[in-house]
Each structure stands twice: as C-alpha cells, then as structure tokens.
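In the numbering used here, the protein residues as written are 20 to 524.
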Amino acid sequence: MRELTDLEKNRQQKVSLLLAAGMDPYPAHAERTHTSVQARQAFEQAAEGATVAATLTGRLRSIRAMGKAVFAHIEDGEGQIQLLLKADILGKEFLDAFRNLFDLGDILQARGSLFRTRTGEITLQVEHVAMLSKAITPLPASKETVAESGERVVHSAFDNPEARYRQRYADLAVNPEVREIFRVRARMISALRRFLDSRGFLEVETPVLQAVYGGAAAKPFVTRHHQLHQDLYLRISFELYLKRLLVGGFERVYEIGRDFRNEGVSFKHNPEFTQLEFYMAYADYRQIMALTEEMISTVAREVTGTTKIDFRGHTIDLTPPWTRISLRDSILELGGIDIDAHPTAESLSSAMRVKGLSPKAETNRGKLIEGLLSHFVEPGIVQPTFLFDYPRDISPLAKGKPGQPQTVERFEGFVAGMELCNAFSELNDPLDQEQRFLEMGRAYSEEEEDRHPMDEDYLNAMRYGMPPNGGFGMGIDRLAMLLTNQPTIREVILYPHLRQREDEK
RNA sequence: GGCCCACUAGCUCAAUCGGUAGAGCAGCUGACUCUUAAUCAGUUGGUUGAGGGUUCAAGUCCCCCGUGGGUCACCA
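As structure tokens, this is what we get:
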C-alpha cells in the first residue's frame, strides 16, 4: 500500500478526533428531506416569511470561514447549495470543531431552515451538522467562478487526461460536465431502446464467450475455460447469433452490448466498445437506410432537443434525409478513379499508382477500394452521408446486388469523418454463404490472424430457411461522441482501457 | 508496432545560455458574523516519472526504460 501524504495523515487523525468528540465519521444511517434542487423549489414556493425546514446531504465543496460565521457549499447529485453556520446558533465550540474537523471533500448532512442571503442566494441556516463520510484524500483542487459574461471559469481544473481516466471517480467528483456526458449517454441508450421497442423489435442477449467467433473482420481476445479444457473467444460482433434468431421465428431483434476487438487503440477505437445491432426480417438495405436516419435523428432530438448538433466546430444536421451516394460515385468524384472500370485488383492497383498512391501488393480488390474510401472520401464527410454498394470480397455476409457480381447491397453511415454504422441486405442463401466462407478462408493463410473459422452451425441454421432481412450495426460510443461533442472515445467511456502501470503490476 | 510531444509540491503550472527548484489553489497558525476563486498576516510542503551517462555543476544535454497524449500503420 502506498504511504499516505502529509495532508492525508492530517485528515486521518481527524477520524479519531471526531470519534473522541462523539461523532461517527462513517455512520450507517443518513437523513435527507430535500435535494439541493428540491430545497430551492420548496423555499421559492413557500409563503413569504414562512419557515422552510430542510435536511440536506452532500459533499463539502467550498468553505469560507469568517470569524464567527462560516459559509460553505455542498454538492449533491443535482447541484450545489450554500450553507451558513453561525456561532450564535451552533455555539462557538461547535463552530470551532466544524472548522477543525471538517474538510473539503467530506460528505455531510446539515439540518436547518432556508433563507435568502443579502446577495440573494437561497441558503441553509444550519442548526445541526453530522459527518456522513470523512474524506482522507483531498480531491483535486479546482475552483470555479462565474465571469461577468456569465461564463463559467474553472481554476486549477483537474484536466490531465491520464489522471482523469485512471481516477475517474475523482474526475466525476470535481467535474460536473463529465457527469453530464454520462447522463447524456444513458439517455441516448434508453432513447435507442424506446425507438426499437416501439417498432416491434425484441431485445435479446447472445453469448459473449464464443467457441467460434465471426461477424466482423477483427482479431479476437482469447480466453480459457479450465473445466471444459476449451479456448473461448470474446465476441467481435453479435451478427451470426442474432441472425440465427430470425431462423427461429423472431422477426425483429436487437442487442446492445459489448464487443471486444484485439486491435489498435485510437481516438475512435477502444478494445471493448458498446455496439448496437438489429436485424429486421423482410427489410432490405434501402429500408434500413431510412430507418437509420429516422432512428438517429429521433434519438438526437430526444437527448439534445435538436437534430442540429455542434461537433468539433461544425454544425451537423442529422435531419433526414441524409445524403446518399454510391461508393463508386464518391471515389470517382473525390479521387478520380472509376472502380467499375477496374474489375481486378491488378488493374485497380495500376490506376492507383497513376494517381500517386502506393497500394499494397497481394491485397484484394475490395481492400483496395476500402483504402480509396478512407483516403479520398471518409475524411471529407462532415454532414451525415450514406455510402452504398460495397465490394463483395470484403462483405462475406451481405447479399449480392442483382446483375452486379462484384457488388453487394451494403451501406455505411459516415458523420464528421467517422464511420458510424454499417448495414446490409443480409445474405440468406446457404450455398452462397458457404462459398463466401470458403473464399474468405482461401484469402488468408493458416497462420494469418485475420483468417476466420468456418461457422458450420451458422450454415446449418441458414439451411432451415432464413427470411430475407436487413441488418444494422452501430458503435454506440461514437454516437455518444457526436451527441456530447467529445473529440475522443475515451471521454464517453467511463473506464477506457489504459495500460497497466509498472508500479501496479 | 513506427514517429513526434509530454511527465516538476495534493491540483494547475513556472524555472532565461547548464549555475541556490518557484507561484496560485489546497494544507497549517492567527484575525474577521452576509461570504461565494472571501479577504488580510504568517507558514509547511520537492528523490523534477525510474535508472544510467557527460559535466566543477543537470529539471535543463545524451542513453535506456515506464506511462500518457498526438499521429501513422493496423482495423471485410
């Protein structure tokens, strides 16, 4: 265990002093009659001159001691409220004890009556105080003032990202705007559920531990079941399990849960992230596209009150309809290469070299096209845009486009230079699906980690007959970034993955 | 995994050309009964991320390691 700092030792001593003074520093029971917001409301609604008694609880966030009176603010789940402790009410001895034994960060309970100070602030005139939890470690010191412009100015803000993520509890305790991000995130997820529930979707849960992983191109995390002597993979997508349910007769299903991908970490990638996937029988990718823009604009309106959101200096208008452009047209327009004129990887590679690009050798046509997409198209997309009709050889679970052997009915939604969602008319032909699995298997050598196992059971399910359906997947964290105007995924994940520190090993 | 940047008091940050490590807040002592970054006076607090090297002298220069941030690669 680490040694306590001098500040902490000092506070630790106050625990025994509190006990000696007959005050339990960590009592089991607390009382509260009002939250800070309720107290203010009660005072404002009471008749002029009436006494409004209240018992409040919260964390001590500021103390201004001035002789025989002490002003302080406590903060509860809804905000801050001021306390006034006066010697002529509490007695000089108790006021001294308060000043000696209570510190910033302590959680306390205060009983008294509400009044308005000369400066107009509704304040609790305190008649009794009890400690609810003595804080040993001081919270990171930060103070805030309100400038004359009305803008909130934070002094000595606790804003070092590493420290904030590693001690998210301290971050949340001192940065109310961080708490707000996670409130918005929670409202966003319940709005998504409401939207899908109201359209007849059934929420289900499928295995996180899987013997055969699939549904996306990603390296999995491997774990071990000791009793069964079996390696298991943490899922990289829900897709194959959810579509099995369509075979079983559920026509509309969705799942919100965690996916795990053993890949690089960046401002838009965390090793574990929250995904929404839904599958809708008898819909194709065009219908899913319409449902997508409706869902996201509805959720944005419910959560932020508008479909025009501010994100990193842009105003993004999520109001339907979103721009629709085929992948071919977008690459032709922005990159000057017509992918339809290049049916082979070789031909496309040479066209790319003419444009000064250096495509990797031994890669398939689809991956080259994907490279063109991320090079020419993705970074420039600010307003919500659907790119549609993707290469078949990077979409093994999507249904082919009639008459176009190299293209599948698939779209991705992009906003603010980020891929937000991915959807397609799902392949439901078991023979075709088996072919695709075999093609994917041939595309990688035995050693390559990207090589994916054949999912025989999934083919079995499909042979029983799967209704035609449209499927959809979206990174919830990225939507949360958008709706909370945060530049990195770490700001919208409570405990983003960080390397373990040497001194913690 | 590559490259760039950062790491100094509990928190936020200074420290000129390599020359005694400082400030604000927090803390501690005291004054003060309408304050709100309260104010005023005094004061404590440091293995400068770890280790090694160069030098009379290293927070500063070099090497190596750690952690983080950014970026690239990777990511049907």
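Built from N, CA and C at the ideal position, the CB exists for glycine as well.
Helix, strand or coil at residue i according to DSSP, with G and I counted as helix
i: A39; result: helix
i: P424; result: strand
i: K33; result: helix
i: P449; result: helix
i: V145; result: strand
i: L498; result: helix
i: D125; result: coil
i: L23; result: coil
i: K162; result: strand
i: Y301; result: coil
i: R254; result: coil
i: S444; result: strand
i: N383; result: coil
i: D522; result: Reliability fails at D522, whose pLDDT of 48 lies under 50, so the model's placement of it is uncertain and the value that follows must be treated cautiously. Residue state, collapsed to three classes: helix.
i: A236; result: coil
Boundaries of the alpha helix (DSSP H) in which residue i is found, first to last residue
i: Y232; result: Note, Y232: premise wrong, no alpha helix (DSSP H); not H, not E.
i: P180; result: P180 to R185
i: Q60; result: S55 to Q64
i: V241; result: Note, V241: premise wrong, no alpha helix (DSSP H); beta strand (DSSP E) at V241 to H244.
i: G98; result: No alpha helix (DSSP H) contains G98, which is instead part of the beta strand (DSSP E) from G98 to K105.
i: T323; result: Y304 to T323
i: S209; result: P195 to S217
i: D476; result: E475 to R482
Proximal residues to residue i (C-beta, below 6 Å), its chain only, five neighbours per side dropped
i: A72; result: S132
i: E27; result: I155 and T156
i: I126; result: R78, L151 and S152
i: E523; result: Its pLDDT being 46, under 50, E523 is placed unreliably by the model, and the measurement read from it follows with that caveat. If we look at E523 and ignore the five residues flanking it on each side, it has no Cβ neighbours.
i: V197; result: D190 and L191
i: V89; result: L104
i: E438; result: E431
i: R83; result: F90
Euclidean distance between Cα positions of residue i and residue j
i: S377; j: D359; result: 20 Å
i: T325; j: R206; result: 14 Å
i: Y565; j: Q454; result: Examination of residue 565 is not possible in this model, given that the chain is present from 20 through 524 alone.
i: E466; j: G460; result: Annotation note: pLDDT 49 at E466 (below 50); position unreliable, no value reported.
i: K238; j: P339; result: 35 Å
i: E22; j: P403; result: 52 Å
i: I350; j: E397; result: 10 Å
i: A40; j: P159; result: 28 Å
i: L265; j: Y298; result: 8 Å
i: G219; j: Y260; result: 19 Å
i: I307; j: N441; result: 10 Å
i: G332; j: M500; result: 13 Å
i: G355; j: N479; result: 44 Å
i: Q249; j: V231; result: 11 Å
i: E445; j: A380; result: 30 Å
i: Q101; j: Q186; result: 27 Å
i: Y477; j: L457; result: 14 Å
i: P525; j: A300; result: Outside the displayed span of the chain (20 to 524) sits residue 525, for which this structure offers no information.
i: I208; j: K374; result: 43 Å
i: T293; j: G489; result: 20 Å
i: T138; j: L392; result: 60 Å
Endpoints, beta strand (DSSP E) assigned at residue i
i: L353; result: Note, L353: premise wrong, no beta strand (DSSP E); alpha helix (DSSP H) at L346 to G354.
i: G276; result: R271 to F279
i: I82; result: A72 to M85
i: K262; result: Per DSSP, K262 belongs to no beta strand (DSSP E); it is in the alpha helix (DSSP H), E258 to G267.
i: V89; result: A88 to D95
Sequence-distant residues of the same chain with beta carbon closer than 8 Å to residue i, five excluded per side
i: M314; result: L211, F214 and L215
i: I335; result: K327, I328, D329, V401, Q402, P403, V434, A435 and L501
Any non-hydrogen atom of the ligand MN within 7 Å of residue i CB
i: S393; result: This structure does not include the ligand MN; it has no bound ligands of any sort.
If you pair each beta-carbon of the stretch 380–387 with each one of the stretch 362–372, do three or more pairs fall below 8 Å? yes
Three CB pairs or more closer than 8 Å across the stretch 249–257 and the stretch 278–292: yes
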